[in-house]
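Novice: Residue numbers (UniProt numbering): 1 to 491.
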Amino acid sequence: NNADIITWKSITVALLNADEIDLAHQIFDKHSESSKKACKTTVKSVMRAHYYKLKEVTENCLQKVADKLYSKGLINREVRRMPTFNKIDIEFSALISLHTDHDNISELEKICSSFLSCIASVGGPAKEEAIALARDWKNRIFKNHQILFSLTEFVPKEIQFSSNNTLAVELKSLPKKYAKLVTDITTYYASSGKHDAIVIARWVQVTFDETGLARDHVTVDEIFERIQPHHSFIDIDALIDLVEAYPIDNSALQTRFAEYNDIIGEFIDSAKINDIITTIEAEISAGESISPKIILKLSGKWNDKTIGHLRKLMKYLFDEEEKYIIIRKFLQGSICISFSTRSVVYKSLIVKSEAKLHFLHLLGIFQLYIDNQTIIDIEEDISFTFEDSLLKSLASIESNLEYYKISLLLIELQLKLNYQNTEGQTALMLASEGGHIEVLKSLLQNGADPFIQFPDNKGYIGLNSLACTALSQHIFKSIGGEKTIVNAICN
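1. Is threonine 187 helix, strand or coil when you go by DSSP?
2. Could I get the ranges of all uninterrupted alpha helix (DSSP H) runs contained in the stretch 70-144, with 4 residues as the minimum, in chain order?
3. Taking the straight line between their C-alpha atoms, what separation do you get for alanine 197 and valine 351?
4. Can tyrosine 316 and valine 345 be called in contact, C-beta distance under 8 angstroms?
5. Please confirm whether leucine 410 has its beta-carbon closer than 8 angstroms to some beta-carbon of chain B.
6. Rounded to whole angstroms, what's the CA-CA distance from isoleucine 397 to histidine 50? Just pull it up for me.
7. Is it the case that the Cβ atoms of leucine 368 and isoleucine 376 are separated by a distance below 8 angstroms?
8. Where does isoleucine 223 sit, in a helix, a strand or coil, going by DSSP?
9. Let me check one thing: in DSSP terms, what residues is tyrosine 369 bridge-paired to?
10. Should threonine 183 go down as buried or exposed, given a rule of 16 or more other Cβ atoms within 10 Å for buried?
11. Grab me the residues of valine 65's own chain with a C-beta within less than 8 angstroms of its C-beta, minus the 5 sequence neighbours each way, in chain order.
12. Would asparagine 303 pass as a contact of lysine 347 if the rule is Cβ separation under 8 angstroms?
13. Quick one: give me the first and last residue of the beta strand (DSSP E) that phenylalanine 339 is part of.
14. Give the DSSP-derived three-state secondary structure of threonine 306 in the structure shown.
15. Measuring alpha carbon to alpha carbon, tell me which residue in Leu415, Gly300, Tyr246 and Asn372 is nearest glutamine 445.
16. Candidates Asp67, Tyr260, Val439 and Met47: which alpha carbon is nearest leucine 181's?
17. How far does the alpha helix (DSSP H) with aspartate 237 in it extend, from its first residue to its last?
18. Run through DSSP, which three-state label would lysine 323 get?
19. Going by C-alpha to C-alpha distance, which of Ile382, Asn60, Ile437 and Lys392 sits closest to tyrosine 52?
20. Which residue marks the beginning of the alpha helix (DSSP H) containing aspartate 209, and which one marks its end?
Dropping the structure here:
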């Protein structure tokens, strides 16, 4: 009776239960047929979203790619002789249309897989983009049509380390150190007798939205098994909270825990996302059984940012709930990061991110999914820069205070703070003219040069003038004014 929950699957099941076998099969076959045909549109639309990036990464190796495509029968002789990516795209689309008319999903998979292998064969950025395209094809087809599109050859599965890479060595050693540390902490709580297991279990239930744990004869091993999904070697906040709530009186163990916390802090603030993605080709943490519920895709400009910068972004998006979000995967291709969190906070995360929907592009976010709900899904803007976003945000603060928060966040991401746009404006100048004292202060603290040369050598502006303008504007607005010209006063 509830139309909201009626699906073709539920209708088919109901018919089967009523022994209407033939009718159920007719509906199922017709629905399956339409899903298969619709895959054609999905494959093409995802390909179109990757068109510019694919064209860019194959520009210097297009002949090699064309030779590979020709050898697999994916393009004709003419395209191979004078290849352009536009011609390749047209040939690929025609081939997809031909085979989806026959409703042959396995053949469609084979064509897509062959296409990807040709792109990936030249290595480098082309291979990374092939991996990104494979992942998007697989996810979008399952999401739209509930059809499993198997392109596992192009989805990274194993952690691969380079033995002569310092970051690789660090990434290889940290999980081992953490595993030993967690084991020893578990042993401490199990054997010290200082804290009752049921008391800790009650704390875990309340803190992590768990149920059925606080019972007689619960063991510490059960407790730590239950909180395992809430922490990883790179996200240890859950363990920090536990130790703060139920302190460890073993000085040696306390010291080891504090030292590990310091090491991870330094790692988060120094290791760049691009280096991590290059060093490990799949998950940054174990726990394949844990299903990531937050998928975030970022502009390539995030490559030289750190995990610490990523955590600042999470803090902006989700406020206090950020501490419950655990990094699960870094994937190659476009920067794709998977997270997991407590189920109880999903609704809050969705509400908070949707409230900031119109500002996400300024942070280089072009896809965000939370608990299978799409928050944003747009084509990546390849012209995006953090510096332009900062100037746009500063110029828009008067229209919406959210731009003020974005400006402060962007400043902390180690941008080129002295960047000038075509009009010669810098972030300091815009902050000064707007009377945004805290923004001006943050810019200076993060290394912005207060001595600014105007374009075409038309003079300079220094800190005294900037500060005078900012203070004058701030005071004027505080008494109800909108904006005033203060150059004469400051000069």
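Cβ atoms here follow ideal geometry from the backbone N, Cα and C, with glycine treated the same way.
Computed from a prediction, not measured in an experiment: that's the story for all the values here.
Specialist: Well, looking at it:
1. Collapsing the DSSP output to three states places threonine 187 in a helix.
2. Counting only runs of 4 or more, we get 77-81, 85-100 and 105-120.
3. Rounded to the nearest angstrom, the two C-alpha atoms are 36 angstroms apart.
4. The beta carbons of tyrosine 316 and valine 345 sit no closer together than 8 angstroms.
5. No chain B is part of this structure, which consists of one protein chain only.
6. Per the coordinates, the alpha-carbon of isoleucine 397 lies some 33 angstroms from the alpha-carbon of histidine 50.
7. Against a cut-off of 8 angstroms, the Cβ pair of isoleucine 376 and leucine 368 comes out as a contact.
8. Reduced to three states, the DSSP call for isoleucine 223 is helix.
9. Per DSSP, the beta-bridge partners of tyrosine 369 are Ile295 and Thr374.
10. Classification of threonine 183: exposed, given that the 10 Å Cβ count is below 16.
11. Cβ within range, chain order: Thr58, Pro83, Ile88, Cys118, Ile119, Ser121, Val122 and Ala126.
12. Going by C-beta atoms, asparagine 303 is not nearer than 8 angstroms to lysine 347.
13. Counting along the chain, the beta strand (DSSP E) containing phenylalanine 339 begins and ends at 335-340.
14. Reduced to three states, the DSSP call for threonine 306 is strand.
15. Measuring from the Cα of glutamine 445, the nearest candidate turns out to be Leu415.
16. It is Tyr260.
17. First-last of the alpha helix (DSSP H) with aspartate 237: 237-245.
18. Under the three-state reduction of DSSP, lysine 323 is assigned to helix.
19. In this structure, Ile382 is the residue among Ile382, Asn60, Ile437 and Lys392 with its C-alpha nearest to the C-alpha of tyrosine 52.
20. In this chain, aspartate 209 is not harboured by any alpha helix (DSSP H), its DSSP state being neither H nor E.
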